[in-house]
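**Q** Under our numbering, think of the first position of the sequence shown as 247, with each following residue one higher.
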Amino acid sequence: MLPLERQNTILELVRQRRAISVEELCRQLYSSGATIRRDLKMLEQSGLLRRTHGGAVFVEDAAKDSPAMLREAENPGPKSIIAQKARELICDGQTLFLDSSTTACRLAERLTGFGQLRVVTNGLKTAMILSEIPGIQVYGTGGKLRENAQSFVGTQTTEAIARFHADLAFFSCRGVHPEGGITDSNEDEADVKKAYLHNASRSVLLCDSSKLGRQMFCKVGPVSSVWKIFSDLPLPAEYLLE
Numbered sequence: 247m248l249p250l251e252r253q254n255t256i257l258e259l260v261r262q263r264r265a266i267s268v269e270e271l272c273r274q275l276y277s278s279g280a281t282i283r284r285d286l287k288m289l290e291q292s293g294l295l296r297r298t299h300g301g302a303v304f305v306e307d308a309a310k311d312s313p314a315m316l317r318e319a320e321n322p323g324p325k326s327i328i329a330q331k332a333r334e335l336i337c338d339g340q341t342l343f344l345d346s347s348t349t350a351c352r353l354a355e356r357l358t359g360f361g362q363l364r365v366v367t368n369g370l371k372t373a374m375i376l377s378e379i380p381g382i383q384v385y386g387t388g389g390k391l392r393e394n395a396q397s398f399v400g401t402q403t404t405e406a407i408a409r410f411h412a413d414l415a416f417f418s419c420r421g422v423h424p425e426g427g428i429t430d431s432n433e434d435e436a437d438v439k440k441a442y443l444h445n446a447s448r449s450v451l452l453c454d455s456s457k458l459g460r461q462m463f464c465k466v467g468p469v470s471s472v473w474k475i476f477s478d479l480p481l482p483a484e485y486l487l488e
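1) To the nearest angstrom, report how far apart residue 288 and residue 277 are at their CA atoms.
2) Grouping DSSP H, G and I as helix and E and B as strand, with all else coil, what is residue 483?
3) Expressed to the nearest angstrom, what Euclidean distance is found between the alpha-carbon atoms of residue 419 and residue 280?
4) Looking at C-alpha atoms only, which residue of 441, 376 and 460 is the closest neighbour of residue 472?
5) From residue 268 to residue 290, what does the alpha carbon distance come to, in whole angstroms?
6) Does the distance from the C-beta atom of residue 329 to that of residue 356 stay below 8 Å?
7) Taking the alpha-carbon positions, what's the residue 333 to residue 400 distance?
8) What number of angstroms, rounded off, separates the C-alpha of residue 301 from the C-alpha of residue 468?
9) Kindly indicate which residue of 449, 387, 435 and 426 has the alpha-carbon position closest to the one of residue 409.
10) Would you tell me roughly how many angstroms separate the C-alpha atoms of residue 391 and residue 282, rounded to the nearest one?
11) Can you check the segment 356-417 for any alpha helix (DSSP H) of at least 4 residues that lies completely inside it and give the ranges in chain order?
12) Look at the alpha carbon of residue 255 and the alpha carbon of residue 360, and state the distance between them as a whole number of angstroms.
13) Taking the alpha carbon of residue 443 as the point to measure from, which residue in 415, 470, 452 and 362 has its own alpha carbon closest?
14) Does DSSP put residue 293 in a helix, in a strand, or in coil?
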């Protein structure tokens, strides 16, 4: 298992159990105590958990997302597959919403060859990518910057989104469940995604298969609130939308 993959698995286990021992992490991840303790030290330095004697505990503020650098390294192949599927829906002259997710960044990189597109985004990196592509008018939402996630959030952000109407909204999440719906780990991020849903004709969820069946703390909406779900693998029947 690669270090980044192992560290993200540790974070998920800590979020689920609220507290976990080094011994249990060693068993779950087939790693040595020294390796696990080194990972815990790095994650604590990033503010994502708190180490205790013999283990680690969940930190409420760590309901913020993993640092953008960690998320960018998660599942790069699946995210590219999803982005390519989403690219095929887009037509010249449309207005799009793109969130700050790393999958949306992959989609942004593919928005070449259009004569005119308008894109509204709360993603700092997303806006920077789009600014280099001819034929795209970029509208940044502004708002409070979540440096960890490179995204703008808050009332200013959602009010800015409400001033526009988009043909398509593309956004990701931290978990999607057929009964629990679409969820995120951060309340502010969930509010931004709700604003995208409310102000777009159609919304598309970009969700790699590792997020299927997961439920996080903050609800965005039911599965039925989106037009399509794009994943890297075929979706189970319970996620298929009519």
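Cβ atoms here follow ideal geometry from the backbone N, Cα and C, with glycine treated the same way.
**A** According to the structure shown:
1) As a working note, residue 288 is residue 42 in the sequence shown. As a working note, residue 277 is residue 31 in the sequence shown. Each residue's alpha carbon lies about 16 Å from the other.
2) In the sequence shown, the residue the question calls residue 483 occupies position 237. Residue state, collapsed to three classes: helix.
3) Numbered from its first residue, the sequence shown carries residue 419 at position 173. Numbered from its first residue, the sequence shown carries residue 280 at position 34. For residue 419 and residue 280, the distance between alpha carbons rounds to 33 Å.
4) Residue numbering aside, residue 472 sits at position 226 when the sequence shown is read from its first letter. The shortest Cα separation from residue 472 among 441, 376 and 460 belongs to 441.
5) Numbered from 1 along the sequence shown, position 22 holds the residue referred to as residue 268. Numbered from 1 along the sequence shown, position 44 holds the residue referred to as residue 290. Those two C-alpha atoms are separated by around 14 Å.
6) Position 83 of the sequence shown holds residue 329. Position 110 of the sequence shown holds residue 356. Contact: yes.
7) For this step, residue 333 is matched to residue 87 along the sequence shown. For this step, residue 400 is matched to residue 154 along the sequence shown. Roughly 28 Å between the two C-alpha positions.
8) For the purposes of this step, residue 301 is taken as residue 55 along the sequence shown, with counting starting at 1. For the purposes of this step, residue 468 is taken as residue 222 along the sequence shown, with counting starting at 1. In a straight line, the C-alpha of residue 301 is about 36 Å away from that of residue 468.
9) What you label residue 409 is simply residue 163 of the sequence shown in a count that begins at 1. When only C-alpha atoms are compared, the closest one is 387.
10) Translated into the one-based positions of the sequence shown, residue 391 becomes position 145. Translated into the one-based positions of the sequence shown, residue 282 becomes position 36. C-alpha separation (whole angstroms): 32 Å.
11) 370-377 and 401-408
12) What you label residue 255 is simply residue 9 of the sequence shown in a count that begins at 1. What you label residue 360 is simply residue 114 of the sequence shown in a count that begins at 1. Using only the alpha carbons, I get a separation of about 39 Å.
13) Translated into positions along the sequence shown, residue 443 becomes position 197. When only C-alpha atoms are compared, the closest one is 415.
14) Position 47 of the sequence shown, counted from the first residue, corresponds to residue 293. DSSP places residue 293 in coil when its eight states are reduced to three.
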